[in-house]
Amino acid sequence: MAHQTTDNTVEQTGHNEHTLFAQPVFNVGNFHVTNSLLTSWLAVFLIIIIALAIKLKLKKVPGVFQAMIEKIVVGAFDMMDLVTNDRKKSEQVFPIIFSIFIFILINNWLGLVPGIGSITYNGVAMFRGGTADMNTTLALGIFSVLGANVFGVIVAGAWNYFNKFINLKALIEIPKKIIKEPAIVLINPINFFVGLIEIVAEIAKVASLSLRLFGNVFAGEVLVISITAMAAYLVPLPFMFLELIVGVIQALIFAILSLVYFTIASMEHESH
Amino acid sequence: MEILELFGVDWKLMLAQLINFAVVIAVLWFFALKPLTKIMRERNKEIGKGLGDARRAEARLTEVEKVVNDKIKESKFDAEIILNEARKESEKAKSAAGEKTKKEIELMIEKAKKQLASEKRAMISEVKGEVGEIIVKALEKILSQGLSAELDKKYIGQTLNELKKQ
């Protein structure tokens, strides 16, 4: 099935049109290295260089570069505190949330670099925005939601967290409290089904996160390419700026929603 | 799952992207964020400590200034007392020394007077003796040529009396 799609893409790439999925540039054995994966590798490479630059330039008395980075980090912390309301919790999830933001941001922007789509290899564009590929956004979405659940298990304990979805506690409670509160016979089965719905909600989170990001970035790239095809000079410029902003906003939304999921998962403990 | 095919979803690619992301987390955390947040925290602590130290130093400074001012006032007061005492003492010493020298001078004058008097007396008696002898010798020389011893004595006594009266 996947083979068929990739075969199709190879045929289509002769016209070099923007497909819904990333196209394989070359194969390593059974593995299709797509243009989006190449861009992601480039993004990872850039991030490594930036991180090393920070590491090497790190001083107690900050220079301009370090002051800028620190400003960003402090701003990120302040923004996270608005969601978590707890500096300790913010510090716990900060590396994950901040990495999500940076990875998505760099990937979004790399797809926008003018002319990056015109570098071709075997007639296939070598680079395509990493986040303009469902594989990337789905992987990130699954990671984010799974991570939030793991965080919830760590904070709330496995049994408590398990009962959030398969609410055995509610069922066990019925015989204990039935004399005091007869209404519990009705309420707790409802709670049990609410728990089951939570499982669907988790899957919905993955879908909403990954599809939103993919849709925005892919639409942005198509938009810029279409406008460029219509008028190559000056006209695409506002759209490029728009897409730069969209890149930041989508990265921010993804990171903040992930943070919200992490926070909600860790809050179950207190409400129970 | 036709929709996944439509989007070209491939678990191998997803895995690759997950690995990419894991690398990003690891690199960002170990190379950039961890040391950076550590340094920021240390710096915050240091700044806090510095501010605290500065506040303490300021408080201490005002305290010390107050103590110093008090000490200066006290020592001024002391100095005045000491000065007054010294003045009095020196005056006393001065007057005492003046009296002493006066007395000494008086004593010296008296001594000198006494000495002068006694010397005078001695001189007079000596002169008397010598004059007597000269007169005797002269008279002897004169009278040896014709005067009697009685007249001699009488005349000598008369002259001596006259000398005494002088």
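From first to last, the protein sequence lines stand for chains A and B. Counting along the first sequence from 1, when you hit position 105 you're at 105 in our numbering, and nothing is skipped either side. Basically our numbering = 1-based index in the second sequence + 1000. Quick reminder that beta carbons are idealized off the backbone N, C-alpha and C, glycines included. Here the structure is a predicted model, which is why all the values come from computation and not from measurement.
Could you work out which residues of chain B lie near residue i, taking near to mean beta carbons separated by less than 9 Å?
{"i": "residue 52 of chain A", "result": "1027, 1031 and 1032"}
{"i": "residue 60 of chain A", "result": "1039, 1042, 1043 and 1046"}
With a threshold of 7 Å on Cβ separation, who are the neighbours of residue i within its own chain once the five nearest residues in sequence on each side are excluded?
{"i": "residue 189 of chain A", "result": "none"}
{"i": "residue 1007 of chain B", "result": "none"}
{"i": "residue 153 of chain A", "result": "161"}
{"i": "residue 192 of chain A", "result": "167, 170 and 171"}
{"i": "residue 251 of chain A", "result": "101, 104, 105 and 108"}
{"i": "residue 175 of chain A", "result": "none"}
{"i": "residue 6 of chain A", "result": "Confidence at residue 6 of chain A is low in this model, with a pLDDT of 44, below 50, so the placement of that residue is unreliable and no value is reported for it."}
{"i": "residue 178 of chain A", "result": "184 and 185"}
{"i": "residue 38 of chain A", "result": "25, 126 and 127"}
{"i": "residue 216 of chain A", "result": "246 and 250"}
Per the DSSP calculation, residue i is bridged to which residue(s)?
{"i": "residue 34 of chain A", "result": "A/24"}
{"i": "residue 124 of chain A", "result": "A/121"}
Please list, in chain order, all residues of the same chain as residue i whose beta carbon is under 6 Å from its beta carbon, the five residues on each side excluded.
{"i": "residue 165 of chain A", "result": "195, 198 and 199"}
{"i": "residue 163 of chain A", "result": "169"}
{"i": "residue 95 of chain A", "result": "none"}
{"i": "residue 76 of chain A", "result": "98"}
{"i": "residue 122 of chain A", "result": "none"}
{"i": "residue 1097 of chain B", "result": "none"}
{"i": "residue 1102 of chain B", "result": "none"}
{"i": "residue 1076 of chain B", "result": "none"}
{"i": "residue 11 of chain A", "result": "Its pLDDT being 40, under 50, residue 11 of chain A is placed unreliably by the model, and nothing is read from it."}
{"i": "residue 264 of chain A", "result": "none"}
{"i": "residue 148 of chain A", "result": "261, 262 and 265"}
Taking only heavy atoms of the ligand HEM into account, decide whether any of them is closer than 6 Å to the Cβ of residue i.
{"i": "residue 1117 of chain B", "result": "In terms of ligand content, the structure shown is empty, and the ligand HEM therefore cannot be addressed."}
For a contact meaning CB atoms closer than 9 Å, what does residue i contact in chain A?
{"i": "residue 1048 of chain B", "result": "Per Cβ cutoff of 9 Å: no residues; residue 1048 of chain B is ~15 Å from chain A at best."}
{"i": "residue 1084 of chain B", "result": "Here the premise fails: no neighbours, minimum Cβ distance about 60 Å."}
{"i": "residue 1057 of chain B", "result": "Here the premise fails: no neighbours, minimum Cβ distance about 22 Å."}
Who are the neighbours of residue i on chain B, taking C-beta pairs under 8 Å?
{"i": "residue 96 of chain A", "result": "1025"}
{"i": "residue 20 of chain A", "result": "1006, 1007 and 1008"}
{"i": "residue 99 of chain A", "result": "1021, 1024, 1025, 1028 and 1029"}
{"i": "residue 102 of chain A", "result": "1024 and 1028"}
{"i": "residue 55 of chain A", "result": "1031, 1032 and 1035"}
At a CB-CB cut-off below 7 Å, which residues of chain A make contact with residue i?
{"i": "residue 1012 of chain B", "result": "31"}
{"i": "residue 1016 of chain B", "result": "37"}
Can you pull the chain B neighbours of residue i, defined as C-beta to C-beta under 7 Å?
{"i": "residue 266 of chain A", "result": "Result: empty, since nearest Cβ-Cβ is about 19 Å, beyond 7 Å."}
{"i": "residue 140 of chain A", "result": "1021"}
Residues in its own chain within less than 8 Å of residue i by CB, not counting five upstream and five downstream?
{"i": "residue 1136 of chain B", "result": "1156"}
{"i": "residue 66 of chain A", "result": "54, 57, 58 and 59"}
{"i": "residue 1167 of chain B", "result": "For chain B, the structure presents residues 1001 to 1166; residue 1167 of chain B sits outside this window and is missing."}
{"i": "residue 27 of chain A", "result": "33"}
{"i": "residue 114 of chain A", "result": "240"}
Identify the contact partners of residue i in chain A, using a Cβ-Cβ distance below 8 Å as the criterion.
{"i": "residue 1051 of chain B", "result": "The premise fails here: residue 1051 of chain B is roughly 16 Å from chain A at the closest Cβ pair, so nothing lies under 8 Å."}
| field | chain B contacts from the region 28-48 of chain A (Cβ-Cβ distance under 9 Å) | value | Residues 30, 31, 32, 33, 34, 36, 37, 40, 41, 43, 44, 47 and 48.
| task | Would you check if the region 1007-1018 of chain B and the region 129-140 of chain A touch, i.e. whether three or more CB-CB distances between them fall below 8 Å? | result | Yes, the region 129-140 of chain A is in contact with the region 1007-1018 of chain B.
| said: Check whether the region 43-58 of chain A and the region 216-232 of chain A are in contact - that is, three or more C-beta pairs closer than 8 Å. | reply: As far as the Cβ criterion goes, the region 43-58 of chain A does not touch the region 216-232 of chain A, which means the pair count is below three.
| task | Can you give me, in chain order, the residues of the region 211-240 of chain A that have a beta carbon less than 8 Å from any beta carbon in chain B? | result | Along the region 211-240 of chain A, the positions whose C-beta sits under 8 Å from a C-beta of chain B are 214, read in chain order.
| message | Beta carbons nearer than 7 Å to chain B: which residues of the region 63-83 of chain A have them? | response | Within the region 63-83 of chain A, those residues whose Cβ lies closer than 7 Å to any Cβ of chain B are, in chain order, 69, 70 and 73.
| field | Any 3 or more C-beta pairs closer than 8 Å across the region 1048-1059 of chain B and the region 72-86 of chain A | value | Under the Cβ criterion (8 Å, minimum of three pairs), the region 1048-1059 of chain B does not count as touching the region 72-86 of chain A.
| Against chain B: residues of the region 108-137 of chain A by CB proximity under 8 Å | So the list reads 130, 133, 134, 135 and 136, given in the order they occur along the chain.
| query | Relative to chain B, which residues along the region 243-265 of chain A have a C-beta separation below 9 Å, given in chain order? | reply | Answer set for the region 243-265 of chain A: empty.
| When Cβ atoms are compared, which residues of the region 136-170 of chain A fall closer than 8 Å to chain B? | Among the residues of the region 136-170 of chain A, those with a Cβ less than 8 Å away from any Cβ of chain B are 136, 138, 139, 140, 142 and 143, in the order of the chain.
| query | Taking contact to mean at least 3 C-beta pairs separated by less than 8 Å, is the region 201-218 of chain A in contact with the region 176-190 of chain A? | reply | With fewer than three CB-CB distances shorter than 8 Å, the region 201-218 of chain A does not count as touching the region 176-190 of chain A.
| said: I want to know whether the region 30-49 of chain A touches the region 1021-1029 of chain B - three or more CB-CB distances under 8 Å. | reply: Yes: the two stretches touch, three or more of their Cβ pairs being nearer than 8 Å.
| query | Using 8 Å as the Cβ pair cut-off and three pairs as the minimum, do the region 255-267 of chain A and the region 141-158 of chain A touch? | reply | Yes, the region 255-267 of chain A touches the region 141-158 of chain A.
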